[in-house]
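> Sharing a structure here in structure tokens format.
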Amino acid sequence: MPVGDEAPAAGAGRGLDVVVAGGGIGGAAAAVSLRLAGHRVTVLEQAGYLAPVGAGIQLAPNATRILAQFGVAGALAEHALVPRRHVRRHWRDGTVLGERVLGDAVAARYGAPFWHVHRADLHAALVSAAMSPAGPGCAAVFRFGEEVTGVRVSGRTAEVVTSRGGRFRGDLVVGADGVHSALRGLLFGSGVSRGIPRGVAYRTLIPVSELGRGGAAGIGDIVGPEPAITQWLSPGVHFIYYYVSRGRYLNAALLRYSPHADPAAESWLLEADRREYLALLAGWDPRLVTLAGLADTVFCTGLYEREPLADWVRGPVCLLGDACHPMMPTQAQGAAQAIEDAWFLGRVLRGADPGSVAGALAAYQRERLPRTAAVQRLSALDQGKGLDERRGPAAADRPGEAAEQPADFGPYEWLWPYGQDATPGT
126 MPVGDEAPAA
136 GAGRGLDVVV
146 AGGGIGGAAA
156 AVSLRLAGHR
166 VTVLEQAGYL
176 APVGAGIQLA
186 PNATRILAQF
196 GVAGALAEHA
206 LVPRRHVRRH
216 WRDGTVLGER
226 VLGDAVAARY
236 GAPFWHVHRA
246 DLHAALVSAA
256 MSPAGPGCAA
266 VFRFGEEVTG
276 VRVSGRTAEV
286 VTSRGGRFRG
296 DLVVGADGVH
306 SALRGLLFGS
316 GVSRGIPRGV
326 AYRTLIPVSE
336 LGRGGAAGIG
346 DIVGPEPAIT
356 QWLSPGVHFI
366 YYYVSRGRYL
376 NAALLRYSPH
386 ADPAAESWLL
396 EADRREYLAL
406 LAGWDPRLVT
416 LAGLADTVFC
426 TGLYEREPLA
436 DWVRGPVCLL
446 GDACHPMMPT
456 QAQGAAQAIE
466 DAWFLGRVLR
476 GADPGSVAGA
486 LAAYQRERLP
496 RTAAVQRLSA
506 LDQGKGLDER
516 RGPAAADRPG
526 EAAEQPADFG
536 PYEWLWPYGQ
546 DATPGT
């Protein structure tokens, strides 16, 4: 809470004062979870306001199960799509290399759905749940334009300083400020999460209304009306697309992997050169090239591989999400793992007082670090895999091979059933 401010009357003498640095998906999820656990939460966000940024995101059942426990699944379901299948195609001619059924089969097996959503819809649902005056306990407070520039630990409390000169003291401080985390740098050193460049990723949103323009004959053969994941594979470049926002947009992403990539800026706010983006698809199936060309604006970011951190906790300060385990996008688990972090943090801090924070944070790190480290390593191992050119595009033309599952087809099997069944605060 801000130094000098009084705690809300409803929470006086009960629960913890928590300061969360970062108001993105991880920070908003932490605000929801810690509110449900009975604590007073102040979120510091360096942006001046909440804006609908980002593109599509895949939410596997390990994330949607927790969102249901957070009470946001109902609102988010209005915007979500359930992919019915995952199809992999050969880059040169679109030959189907493998296909997996999703949809109801996923929900039946794992007890929660697999969703495609727009990142802004997910973020808005979490922020609403954190701030709603109708929710349990104290509504979280979001303060904008508050960039973290300093932190001081004193006994059982920590004080965060912002660029505006604001001072916020908490019994707990959570660093959920992303891959370029200021809190991580202040506590553990600026170079601790410097990664190895592995390539570049491009993303764009194509309005579905655009799919019929530009002489786009044949696109209907590769982009049907059914919600699905379609992934095109070459040895070093993947192109993937799926519907979001109830089918209003097609989210498309191109990932180029290189073991000797030149360093590139790591930010999804950078606009890419469309010519450079399209040049990576030279020689690909003309239908896919046409589809990619429908993008008016393309954003890009560098891809970096990182080793897991050895420590997330300093006194009453802990890290969460990309601040402590940024990972390659190959598993579509970045946001999901931040949501898992938030869920478990709320669980171990249920009913906590300042004297029990240290033990709770030790349990948080002990549980979450091995889990996220394993996903980090898997996301690094999976980069660029999926197609052995020695099979050739004609391999799927042989009888019985069109529906064959490549050995490395699905990375999700062990990720989804993560056993998180109890709602924090119950």
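Under our numbering, the letters of the sequence shown match residues 126 to 551, in that order.
Each residue gets a CB set at the ideal place from its N, CA and C atoms; glycine is no exception.
(1) Is the beta carbon of P71 sitting closer than 7 angstroms to the one on P388?
(2) Considering only residues of the same chain and omitting the five flanking positions on each side of R289, which have a CB-CB separation below 7 angstroms?
(3) Measure the CB-CB distance between A307 and V286 and report whether it falls below 7 angstroms.
(4) Whether or not the stretch 451-460 and the stretch 183-201 are in contact is what I'm after, with contact meaning three or more pairs of Cβ atoms, one per stretch, closer than 8 angstroms; do they touch?
(5) Please identify the residue among A386, P411 and A420 whose C-alpha is closest to the C-alpha of R399.
(6) Please determine, among R165, V242, T426 and M452, the residue with the shortest C-alpha to C-alpha distance to L434.
(7) Taking 7 angstroms as the cut-off, decide whether the C-beta atoms of P479 and D296 are in contact.
(8) Locate the alpha helix (DSSP H) running through G471, then write down its first and last residues.
(9) Helix, strand or coil for Y174? Go by DSSP, reduced to three states.
(10) In chain order, what residues of the same chain lie with their CB nearer than 6 angstroms to the CB of L159, ignoring the 5 residues before and after it?
(11) Once the 5 residues before and after A463 are set aside, which same chain residues still bring their CB inside 8 angstroms of it?
(12) For N376 versus Y367, is the C-beta distance shorter than 7 angstroms?
(13) In the DSSP assignment, the beta strand (DSSP E) including P322 goes from what residue to what residue?
(14) Using 7 angstroms as the threshold, is the C-beta distance between G427 and V325 below it?
(15) Who are the Cβ neighbours of F534 in its own chain at under 6 angstroms, not counting the five residues just before and after it?
(16) For A255 versus G179, is the C-beta spacing smaller than 7 angstroms?
(17) Could you tell me which residues DSSP puts in a beta bridge with Y367?
(18) If I'm right that L405 touches I344 with Cβ under 8 angstroms, what's the distance once you round it to whole angstroms?
(19) Taking buried to mean at least 16 other C-beta atoms within 10 Å of its own C-beta, is G517 buried or exposed?
(20) Just curious, the beta strand (DSSP E) that T274 is in, first and last residue?
(21) Run through the DSSP bridge pairs and tell me what V157 is partnered with.
(22) For W437, is the classification buried or exposed, using 16 other Cβ atoms within 10 angstroms of its Cβ as the cut-off for buried?
(23) I'd like to confirm the pairing. Which residues does DSSP put opposite R439 in its beta bridges?
(24) Using the C-alpha atoms, what's the distance from G303 back to V168?
(25) Go through its chain and collect everything with a Cβ distance to V231's Cβ below 6 angstroms, but skip five positions before and after it.
(26) Just mark P208 as buried or exposed, buried being the case when its beta carbon has 16 or more other beta carbons within 10 Å.
(27) Please classify R277 as buried or exposed, where buried requires at least 16 other C-beta atoms within 10 Å of its C-beta.
(28) Using only CA atoms, which one of L403, A265 and V299 lies nearest to A467?
(29) Mind checking who C425 pairs with in its DSSP beta bridge?
(30) Assuming V242 contacts A198 (C-beta within less than 8 angstroms), just tell me the rounded distance between them.
(31) For G511 and L184, I'd like the C-alpha separation in whole angstroms.
(32) Looking only at its own chain, which residues have a Cβ that is under 6 angstroms from the Cβ of S504, when we skip the five neighbours before and after it?
(33) Beta-carbon separation of L192 and H164 under 7 angstroms?
(34) What are the partner residues of Q356, as DSSP defines its beta bridges?
(35) Please state whether DSSP places R268 in a helix, a strand or coil.
(36) Which whole-angstrom value is the C-beta distance of T565 and V423, which I expect to be below 8 angstroms?
The short version:
(1) Any question about residue 71 goes unanswered here, given that the chain covers just 126 to 551.
(2) G270 and E271
(3) Their beta carbons are not under 7 angstroms apart, which means A307 does not touch V286 by this criterion.
(4) yes
(5) A420
(6) M452
(7) yes
(8) Element bounds for G471: G459 to V473.
(9) In this structure, Y174 counts as coil in the three-state DSSP scheme.
(10) V143, V166 and G471
(11) Taking C-beta separations shorter than 8 angstroms and ignoring five residues to either side along the sequence, the partners of A463 in its chain run I150, G151, A154, A301, L445, G446 and D447, following chain order.
(12) With respect to the 7 angstroms criterion, N376 and Y367 are classified as neighbours on the basis of their beta carbons.
(13) Per DSSP, P322 belongs to the beta strand (DSSP E) from I321 to P332.
(14) yes
(15) Only weak support is given to the placement of F534: the predicted model assigns it a pLDDT of 45, under 50, and the value that follows is read from those uncertain coordinates. Same-chain partners within the cutoff: G223.
(16) no
(17) N376
(18) 19 angstroms between Cβ atoms; not a contact.
(19) Confidence at G517 is low in this model, with a pLDDT of 42, below 50, so its placement is unreliable and the value that follows should be read with caution. G517 comes out exposed.
(20) V273 to S279
(21) Partner(s): none; V157 has no beta bridge.
(22) It is buried - the Cβ of W437 has at least 16 other Cβ atoms within 10 Å.
(23) When beta bridges are read from the DSSP output, R439 appears opposite V442.
(24) 14 angstroms
(25) F239
(26) The residue is buried, with at least 16 neighbouring Cβ atoms inside 10 Å.
(27) exposed
(28) V299
(29) Y327 and L395
(30) That pair is no contact at about 11 angstroms.
(31) Residue placement at G511 is poorly supported in this model, since its pLDDT is 49, which falls under 50; the coordinates still yield a value, given next. Going from the Cα of G511 to the Cα of L184 covers about 21 angstroms.
(32) M452, M453, T455 and Q456
(33) no
(34) R213 and I365
(35) strand
(36) Residue 565 lies beyond the stretch modelled for the chain, which goes from 126 to 551, so this question has no answer here.
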